[in-house]
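Top line first, the protein sequences correspond to chains D and W.
Each residue of the first sequence is one higher than the last, beginning at 8 in my numbering.
Each residue of the second sequence is one higher than the last, beginning at 201 in my numbering.
Heads up: the structure comes next, in structure tokens.
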Amino acid sequence: MDPGVDGSCVEVEMETGKQGNKETRRQGILGSLSTYIPVSLYTSRTLLWLLPISYLAILFFFPLSKILSLTFNLETLTTENLRTTYHVLRFTVYQAALSTLLTLILGLPSAVLFARYDFRGKPILRALTAVPFMLPTVIVAAAFNALLGSQGLLNSIFPLTSFPFTGTLFAILVAHVFYNTTIIIRIVGAALSNLDPKLEHAARSLGADSFRVWWNVTLPLLRPFILAATLLVFLFDFTSFGVVLLLGGSQFSTLEVEIYFQAVRQLNLPLAALLAVIQLVCTLTVSMIYSRLVSRTAMQLTPRSSLIKPKTLKQKFFVTALCLLLTAFFALPLSSLPIRSLFRLEADRGQRGDVRYGFTTDYYTELFVNRRDSVFYVPPIQAAVNSLSYASATVILSLIFGFPAAFALAKPTRLDKILDPLIMLPLGSSTVMLGLGFIITYGKWLTSPLLVPFAHTLIALPFVIRALQPAIAAIPERLRQAASSLDASPFEVWKNIDFPILRRATLAAAAFAFTISLGEFGATLLISRPEYPTIPVAIERFLSQPGGLNYGQAMAMASILMAVTVISILLIEKFRLPNAGEL
Amino acid sequence: MLEVRNLFKTYEGKPLLNDISFSVAEEETICLLGASGSGKSSLLRMIAGLESPDSGSISFNGLDLASTPPHLRDFGLVFQDYALFPHLNVNDNVAFGLRMRRLEQDEITQRVAASLKLVNLEGFEKRYVTDLSGGEQQRVGVARALAVRPRLLMLDEPLGALDRSLREGLLNELRSILHRTKIPAIYVTHDQEEAFTIADRVLILHDGNIIREGPPTDVWAHPESAYVAEFLGLGNVIEGTVLAKNKFQTDHGIFSVRCSHKHSKGDKVHLLARPLSVMSRVAKSSKGERSVLRLRASQPSLRHPLRTKTKLVEERRPSAINRLSGAVADILLQRDQYKVTFENGLYVYLDEAPKPGEKLSVKVKVECLA
């Protein structure tokens, strides 16, 4: 055994030895396990980690080191590059701050609405606000495009208004609010409904009117939660890629978009690397502040506030107005997408004269045709086939690499606790950066379509581990012992105890990996080959081409992806254990 | 002062409060006594203005409060789980109401100090409320409510979250604080000992109705219903049938009780056999020997109105009526007396412990509950 590993093993042993009864008992169980398996406990732990860690080393840490070495280089750190970086960083922070502010403006009243009021259709409205967060960015971009874009429903039905949307900062901000409002609702709403209503009662009885109760009691108590939610929203807005690229257009460059432009369009890899490093430093800093904040805000789990039905005129107005606003804001873009994909509202390119407007399934049938003047060398539906194959490969890969890590983390020793954040690190870095790392490190294999599922697995792995780990930890050793004491053979124990519990979690984890792979946009855009497009990449290409047919096909493709994603989300919700898979 | 009239309230379709009327006089402490779920906390919230009744009126000094929002009612609230503001220290908690009233800083400082002195927490100003013990937290809660000099103080099970040992001390302090400040108070509890210690008047709430109201000694002496007698733990409630005037047939024998109610023969009634008012007892040892003892009940003590001292005296002529008898099933030492439970579920308090299994016959004071 390698001396480093040996050293840490001794430490682990001392650690477990020091702790109380529970620890000793656990050691006993593990000890008895290792007598069944003819390898020592610590060697088997090392073996568990071998697979996932080497995967990360090859596909994440090595590319990361390449990016770093490319960055810290005199040729890279030129005044011009630094100036570009500064401008891009400034805009990134600016748009993220503005988006966060707008998200708070919509999110805080919504959090109050869901935490305090009881009204008809509440579960549906809550689910509606949560849907965007789980959708791939391309769908959100396509949905807003379908509603407000220059070829969208609004501008096609009322051609005179010609409301500019795509290509504006406004579009980026609105999509970000659409995406992240649910975070505010979830975090602040949960805190609000866990707040002891007696505190507000006490304040009122002491002479505070409702505004001063809010200002002097409720708000100060919610502050850490609002701050945590704000940081998280900022983080998502800061690293947003698809929305900015697809809705903002070329004049708005955030760090993510600029990395993509520099790497793919300008082939300026050093500048892309520099931007990526800046990006990583920023996101890690914000994440660290966030997790420190979260660890300090202990929260009770039982909701204590009672819900009230809106009674006074003011309350009725607040609830009705906000419900209408939220419904319109969330339902309109999501429903415009499938509607727009089924209606021809403008002439296709080159089409003159007899164009029939109205209901059509052309955009869907066209996906199966390989036209010479089209954007692709293959029938567009091939993108769906590619996406499904990549997603299947990602499911298999992420389960292979996720299971050992999840097993190790289910009963973590100190070594495991050190390795845990390493496994989660790819989450903190952006997908575009992962793609850039692949380009820099494994550029010569870029012709192979195999690289895509490997990149997707990197992104899906943390989610898969977090979905599996609680299920594995939830299998009490007592159950196995009870089963064995009832004369069950090891195989029967596995069949009757482990398998039924793990099956659900595995399905949930698989659905996670599948969904992530289907919607992945940033990394895929950088490393996928033109002849092997995925659905999101195809949507991007359709949207960037002129003409009604291309636009319609983008809508059709996005509608298909939305349907598949929604089904996957429902499967995850059905199979995952409570609290599992939350990151 | 406070006048509650014909208050009705339903909760999720079920009646919670049913035609409640009562009043609180100047300098008076009343106690709402009832089992959990009897609607007493809800009643407090309505008086505070945090909940509204379905019908009925609440007025103070003749003014209807229906349109007065809670923050203008000037009623202090003390909660079972303290409800201290966790983001503020002791000083800011106590000063909260004063700041809401926009008082001068000098006055605030002075009144906070005075309030903390009242609850024996001088020098606690800078402490964080989360660092205090339960008893200290509740003192802060009381100081916070008193600092604004409310017109009425409402205490919702203020000692409910405290240990028994702490409870007695704080209860006596509350009693003297209410006495000194002369603030009228409504004290809500389910603990009858607390109620009897602190209240000038007790109101017993059951199924949304006030079923008994009066000074503690009065309620103790005349519970007037089987529920009150059982809820207060006054003794054995026995069902009986009227045989003749002052004669009742029960499962435990015939009881002769002087009764002022109008009964006709065959009526079902409830009798109360007070376990503490043991008149005499006859113990039958296994050998069949009989030792005859006589016990005389003394006056209830002021401090513990439910407990009396008994003296053992030899009984000369044991009579057969008004006796609880049976084999001893359980003996429990409570404070300085033995609670002796028979196999039939009846119980008495004795100064001496009998032997388990011993057959015992005890003459007790019995009254008719109607």
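Where is the CB? At the ideal position from N, CA and C, for every residue including glycine.
A contact between stretches requires three or more CB pairs, one per stretch, nearer than 8 Å, and the segment 95-107 of chain D meets this requirement with the segment 251-264 of chain D. The residue among D:THR91, D:TRP452 and D:SER76 with its C-alpha nearest the C-alpha of D:PHE268 is D:THR91. Counting the other CB atoms within 10 Å of its CB gives W:GLY213 a total below 16, which places it among the exposed residues.
The beta carbons of D:GLN476 and D:ALA413 sit about 4 Å from each other, so the pair counts as a contact at 8 Å. By the rule that beta-carbons nearer than 7 Å mark a contact, W:ARG349 does not touch chain D. For D:TRP501 and W:GLN537, the gap between their C-alpha atoms comes out near 60 Å.
For W:ARG205, no Cβ of chain D is located within less than 7 Å of the residue's own Cβ. The alpha-carbon of D:THR522 is positioned some 29 Å away from that of D:PHE232. With the criterion set as a beta carbon lying under 9 Å from some beta carbon of chain W, the members of the segment 214-242 of chain D are GLY214, ALA215, ASP216, SER217, ARG219, VAL220, ASN223, VAL224, PRO227, LEU228 and ARG230, in sequence order.
About 14 Å separates the beta carbon of D:ALA215 from that of W:HIS287, a gap too long to meet the 8 Å contact definition.
Identification of chain W residues near D:LEU206 by a Cβ-Cβ cut-off of 7 Å yields ALA283 and PHE285, ordered along the chain. Under a criterion of Cβ atoms nearer than 7 Å, the residues of chain D adjacent to W:GLY297 are, in order, LEU213 and GLY214. Between the segment 377-394 of chain W and the segment 338-357 of chain W there are three or more C-beta pairs closer than 8 Å, enough to call the two in contact. Scanning D:LEU54, D:PHE519, D:LEU160 and D:VAL544 for the CA closest to the CA of D:LEU339 turns up D:LEU160. Residues of the same chain with a CB within less than 6 Å of the CB of D:ALA400, apart from the 5 flanking positions on each side, are PRO460 in chain order. Note on geometry: alpha-carbon atoms of D:LEU291 and D:LEU434 lie some 10 Å from one another. Following the DSSP letters along the chain, one finds W:MET354 in no alpha helix (DSSP H) but inside the beta strand (DSSP E) bounded by residues 352-356. Taking a beta-carbon distance threshold of 7 Å, D:ALA118 does not count as an interface residue toward chain W.
Rounded to the nearest whole angstrom, the CA to CA distance from W:GLU357 to D:ALA137 is 41 Å. Looking at W:GLU393, W:LEU202 and W:GLY369, the one whose alpha-carbon comes closest to that of W:GLY262 is W:LEU202. For W:GLY323, there are no neighbours in chain D by C-beta distance under 7 Å, as the nearest C-beta there is about 23 Å away.
For W:GLY369, the secondary structure class from DSSP, reduced to helix, strand or coil, is helix. Leaving aside the five residues that flank W:ALA248 on each side, the residues in its chain whose CB is nearer than 8 Å to its CB run, in chain order, PRO270, ARG273, PHE275, LEU277 and MET354.
At a cut-off of 7 Å between beta carbons, W:ARG301 contacts chain D. Listed by position along chain D, the residues whose Cβ is nearer than 7 Å to that of W:PHE275 are SER212.
Here W:PHE275 is bridged, per DSSP, to W:LEU352. Excluding five sequence positions before and after D:SER106, the CB atoms of its chain that fall closer than 6 Å to its own CB belong to LEU180, HIS183 and ASP244, given in chain order. Nearest to W:MET300 by C-alpha distance, out of D:ARG211, D:PHE69 and D:ASP203, is D:ARG211. Against chain D, a Cβ distance below 7 Å from W:PHE279 picks out LYS205 and ALA209. Remark: C-beta atoms of D:ILE191 and D:ALA236 approach each other more closely than 7 Å.
For the C-beta of W:LEU250, the chain D residues within less than 7 Å are, from N- to C-terminus, HIS208 and ARG211.
Exposed is the label assigned to D:SER61, since fewer than 16 other Cβ atoms lie within 10 Å of its Cβ.
Within the same chain, and ignoring the five residues on either side of D:ASN80 in sequence, the residues whose Cβ sits closer than 8 Å to its Cβ are PRO277.
In the structure shown, the three-state DSSP call for W:ARG205 is strand. The three-state secondary structure of W:ILE438, taken from DSSP, is strand. Residue environment for D:LYS323: exposed (fewer than 16 other C-beta atoms within 10 angstroms of its C-beta).
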